[in-house]
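Enquirer: Numbering (UniProt numbering), first residue to last: 1 to 1055. Every residue gets a Cβ at the ideal spot worked out from N, C-alpha and C, and that includes glycine. On a predicted model such as this, the values are computed, not experimentally measured, just so you know. Let me begin by handing over the structure; questions about it come next.
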């Protein structure tokens, strides 16, 4: 019985793994009479969606089981009853009791993501980890990285070492023909910090200083000079011998060897890659170096060359080896500066995390690994308040090494112990190494393969291995085609050199089952784009060729009776998907795609963003765009007349016409302002889901970032390419998504386009383990995976190449196992290397497969397998739409006492608006050096125009340089702009600027105002002072700064 307590299911695509998981889960909780047994089960999966689906499935099954008449018709009920040897009545009664307990204690149903479980662990160990118990989980790592890079750049001119480092980094990029503006490059380098696979390597740099990196660079330069000198020395040795023997260039076949040594002697930096691949170089030891003419005319000289051939070959091979090491050392040098920069960014991130009390979710695994996984298991259980006895891990191939090692102690304890009923714990792992496509996120197929092949076992119990090899998803012809294709690629040394990887696909054969539907259709098309372009008046683009093919296949599927909802188009990149989605949309098809779901593409949201920008500054271009969008939203026919009516007037003239007050928009929070705008402009009619999501986004931003309109617009510009809603289910529309997004899904029809990727790539960088004693304490180096590195580090390069190949084929496997009935594959002939001994691209693999099947013909570009399926449309429930709801009380509170804009002339209105904008900009400014960058940023985001920069800069500098307060824009003080406080009454206070002398704890308050003086301003400053005084700060001075046509500064006595 012990063996069965640890089961590994090797579950191929469509093999019913969810059914198996749910059945095993239910079997355990229905095995005993204790309805609380579910509390001792922990199921871990990898997406919130999967968590929701599994919980729903368990509740659904228990609900069915509770009704004995319904239960009798349920296959799973019969199977569990038979295996537990219970009567129908007993099993149904147990299901009813367990269901009731779960519904009353739903939070105790422990089905969670790995991140959710880790979060629970870290919360409970916060004190031990020296974390603030109220730390904020930070999901957006990109924001953290951007902030760290900004902080690093601010040190230019202040920190000598950082300045020199970044100048060197900038020079490197210029030498690589990249932009000298290194911000983008720094962000790219910093992304290495977010990839869990790099954790082990980055840990080795924790104790390294910039001086250590400098020392490594110096040593590497010395090694580089050494090998260059060695190259010259070997060339000199050749010429000494040549001079002694009287050899000349013409004596050598094509002068090749002689010219080669001459090239090295003259310039050891010369690229000799092509020379190393010539026939004479390859056969320098075993083929004559001289010409046939020399052999006839001067047999003695030819004989001498034969005599000394091994020596010449030795000189050549020495140079060849030195050349490879020369490239290796150049590669090291190229990457030392980025590594040093990476370490510096890492330090900045640590500072930000500590100062802002945040914890990136990407660091959960690392923190647990370092601090918690070594704790005694009972202690961990005690802290999390729960002892789990039965573990389920779904999609195990996506579990990272750290995640697995972190949870191992808990599982091991469960497997070795028994509860009071003498029941031993259990573990169920479900995975498929062929569907491991997240290596970059830490998921490694090899970890799962080691377990189910029994190469490694972290437990004392030997696992029971079970193969789920029946395909319950696809039609017969799809199953047979995939069996053929993946058997073909698994053949010895066709693609893989590693036997384990070969066997992975050799054993990928799936079986049909009695209910497998007959038929199924596969089409492979090779687009001949070059030939098509010759026959057209204008050359056809690659995207046009793929778009036309996709359209044809969509029509073909729909002619067979499939609906739009039945069709999914897969691509490798979002960019490809956007092209195809646009084509489909232009041709009248309804589409769900990443692009279609972006908030930034929705006209109503574009309108709200433009309105927000105009609330900060009156910009004619922004105003024109707002008016045009309004025409589109309201279907105004005479667009020209409408725009002309308002374009030369203040924006308030248009806003008044729709009864919208910009003053009200500014008066309350940005969230309330956006709600007000949606109601006043009547936007919540066509894009309710998008507007609801946008409002949620604004609300979350306010709670997390505490910023205003200007801050949100900055955030929007950074994130608008990724902010989207989830695809609604039930819509009759064609889905367009990447292969990675499709994992776990199925569709009647799959069209897989742009199947052209290379099987391996040199783009990935490679971590190389090196002897630390030879590299000044460095254990790992980050290198470019360049051609020729295998001459220096063959094992590392081969391993990386095999892993890349596996990952690429796994992506192909995921794509080809999504369809039920039809599979269309579109590639093109550009990537086929007919004479190559290696299969370098998917186009090549497909061509070779057709040759293997004796089907390929050069002139034929379209191949079919199986039979098309006639699909009968099914009646589906009508989709019900939830209306966009705004709080009635909130809308009833909108009271516009008077239209102030009509009481002022346009100059006064302009002054107020400009004052508000300057106020927002000052919130971003600590010292004078921040002024120009903040203005450029505002202009780049469309908040102000280029022409306004000079005027605004003049106005802001007149504040910064004002004799009364200029001292308080110095970097010798700690500056807190718009820092939120809570007073004793629980009210939020936000002073515009607090200037703190950290040595004396003296503080200066500065508040910005527009218009005239009001006594309440002094009251406000006194409230700020009261809070700061209670925080043990001494208020030295307080100022009101009035931002009107003239800047006025008034010192206020707040004692």
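Under the assumption that residue 815 contacts residue 739 (Cβ atoms under 8 angstroms), give the Cβ distance between them as a whole number of angstroms.
Expert: About 5 angstroms; that satisfies the 8 angstroms criterion.
Enquirer: Considering only the alpha carbon of each residue, which of 668, 675, 623, 670 lies closest to residue 653?
Expert: Measuring from the Cα of residue 653, the nearest candidate turns out to be 623.
Enquirer: Whole angstroms is fine: what's the gap from residue 1102's alpha carbon to residue 862's?
Expert: Past the boundaries of the shown model lies residue 1102; the chain is included only from 1 to 1055, so the question cannot be answered.
Enquirer: Count the CB pairs spanning the region 211 to 219 and the region 310 to 318 that are closer than 8 angstroms, and state whether there are at least three.
Expert: At 8 angstroms Cβ cutoff, the stretches do not touch.
Enquirer: Under the DSSP definition of a beta bridge, which residues are partnered with residue 866?
Expert: Looking at the DSSP assignment, residue 866 forms a beta bridge with 521.
Enquirer: If you draw a straight line from the C-alpha of residue 1053 to the C-alpha of residue 1024, how long is it?
Expert: So the alpha carbons of these two residues sit roughly 13 angstroms apart.
Enquirer: Based on Cα-Cα distance, which residue from 240, 108, 346, 321 lies nearest to residue 194?
Expert: Ranking the options by Cα distance to residue 194, first place goes to 346.
Enquirer: Indicate whether residue 561 and residue 867 have their beta-carbon atoms separated by less than 7 angstroms.
Expert: No.
Enquirer: What's the gap between the Cα of residue 186 and the Cα of residue 237?
Expert: Answer to the nearest angstrom: the Cα atoms are 46 angstroms apart.
Enquirer: When DSSP labels each residue in this structure, what does residue 638 get in the three-state scheme?
Expert: In this structure, residue 638 counts as coil in the three-state DSSP scheme.
Enquirer: Are the region 389 to 398 and the region 423 to 438 touching, with three or more C-beta to C-beta distances below 8 angstroms?
Expert: Flag = yes, the region 389 to 398 and the region 423 to 438 touch.
Enquirer: So residue 163 is in the alpha helix (DSSP H); what residue range does that whole segment cover?
Expert: Run containing residue 163: 160 to 175, per the alpha helix (DSSP H) assignment.
Enquirer: What's the call for residue 855, buried or exposed, on a 16-neighbour Cβ count within 10 Å?
Expert: Result: exposed.
Enquirer: Would you mind stating whether residue 1016 and residue 1042 have Cβ atoms separated by less than 7 angstroms?
Expert: Not in contact: residue 1016 and residue 1042 (Cβ atoms no closer than 7 angstroms).
Enquirer: What are the residues that DSSP puts in a beta bridge with residue 427?
Expert: 6, 391.
Enquirer: Assuming the contact rule is C-beta atoms closer than 8 angstroms, residue 445 and residue 806 should be a hit. Round their C-beta distance to whole Å, please.
Expert: Rounded, the Cβ-Cβ distance is 6 angstroms, consistent with contact.
Enquirer: Using the Cα positions of residue 985 and residue 1033, report the straight-line distance between them to the nearest angstrom.
Expert: Using only the alpha carbons, I get a separation of about 20 angstroms.
Enquirer: Are residue 329 and residue 188 touching if we call contact CB-CB under 7 angstroms?
Expert: No, they are not a contact pair.
Enquirer: How about residue 995 and residue 982: are their beta carbons less than 7 angstroms apart?
Expert: Against a cut-off of 7 angstroms, the Cβ pair of residue 982 and residue 995 comes out as no contact.
Enquirer: Where does the unbroken alpha helix (DSSP H) through residue 404 begin, and where does it stop?
Expert: Its alpha helix (DSSP H) spans residues 401 to 416.
Enquirer: What are the boundary residues of the beta strand (DSSP E) that residue 977 is part of?
Expert: Start and end: 974 to 977.
Enquirer: Compare the C-alpha of residue 1082 against each of 632, 524, 493 and name the closest.
Expert: This structure leaves residue 1082 out entirely; the chain is present only between 1 and 1055.
Enquirer: Going by other Cβ atoms of all chains shown within 10 Å of its Cβ, with 16 needed for buried, is residue 115 buried or exposed?
Expert: The residue in question, residue 115, is buried, as its Cβ has 16 or more Cβ neighbours within 10 Å.
Enquirer: Would you mind working out which of 293, 327, 244 sits nearest residue 271, comparing C-alpha positions?
Expert: Nearest C-alpha to residue 271: 327.
Enquirer: In angstroms with no decimal places, state the Cα-to-Cα distance between residue 890 and residue 39.
Expert: The predicted model places residue 890 with a pLDDT of 43, which falls under 50 and marks its position as unreliable; any figure quoted below should be read in that light. Their Cα atoms are separated by approximately 43 angstroms.
Enquirer: Among 58, 973, 74, which residue has its Cα nearest to the Cα of residue 102?
Expert: Answer by Cα proximity: 58.
Enquirer: Sorted by chain position, which residues of the same chain lie with C-beta nearer than 7 angstroms to residue 801's C-beta, five sequence neighbours on each side aside?
Expert: Same-chain partners within the cutoff: 760.
Enquirer: Specify the secondary structure class of residue 249 as computed by DSSP and reduced to three states.
Expert: DSSP places residue 249 in helix when its eight states are reduced to three.
Enquirer: Out of 578, 257, 971, which one is the CA nearest neighbour of residue 754?
Expert: That would be 578, whose Cα lies nearest to the Cα of residue 754.
Enquirer: Kindly confirm or deny that the region 297 to 311 and the region 259 to 267 touch, where touching means at least three C-beta pairs closer than 8 angstroms.
Expert: Contact fails: fewer than three Cβ-Cβ distances are below 8 angstroms.
Enquirer: From 615, 638, 634, pick the residue whose C-alpha is nearest to that of residue 650; which is it?
Expert: With distances taken between Cα atoms, residue 650 lies closest to 615.
Enquirer: With the cut-off set at 7 angstroms, would you say residue 1056 and residue 320 are in Cβ contact?
Expert: Missing from the structure shown is residue 1056; the chain here goes from 1 to 1055 and no further.
Enquirer: Go ahead and pull the three-state DSSP assignment for residue 220.
Expert: Reduced to three states, the DSSP call for residue 220 is helix.
Enquirer: When the Cα atoms are used, what is the spatial distance from residue 725 to residue 1012?
Expert: Distance between the alpha carbons of residue 725 and residue 1012: 45 angstroms.
Enquirer: Could you check the C-alpha separation between residue 896 and residue 656 for me, to the nearest Å?
Expert: Residue confidence is low: residue 896 scores 34 on pLDDT, short of 50, so the model does not pin down where it sits. Its coordinate-derived value is still stated next. Taking the straight line from one Cα to the other gives about 11 angstroms.
Enquirer: Please name the residue or residues paired with residue 490 in a DSSP beta bridge.
Expert: Residue 490 pairs with nothing; no bridge assigned.
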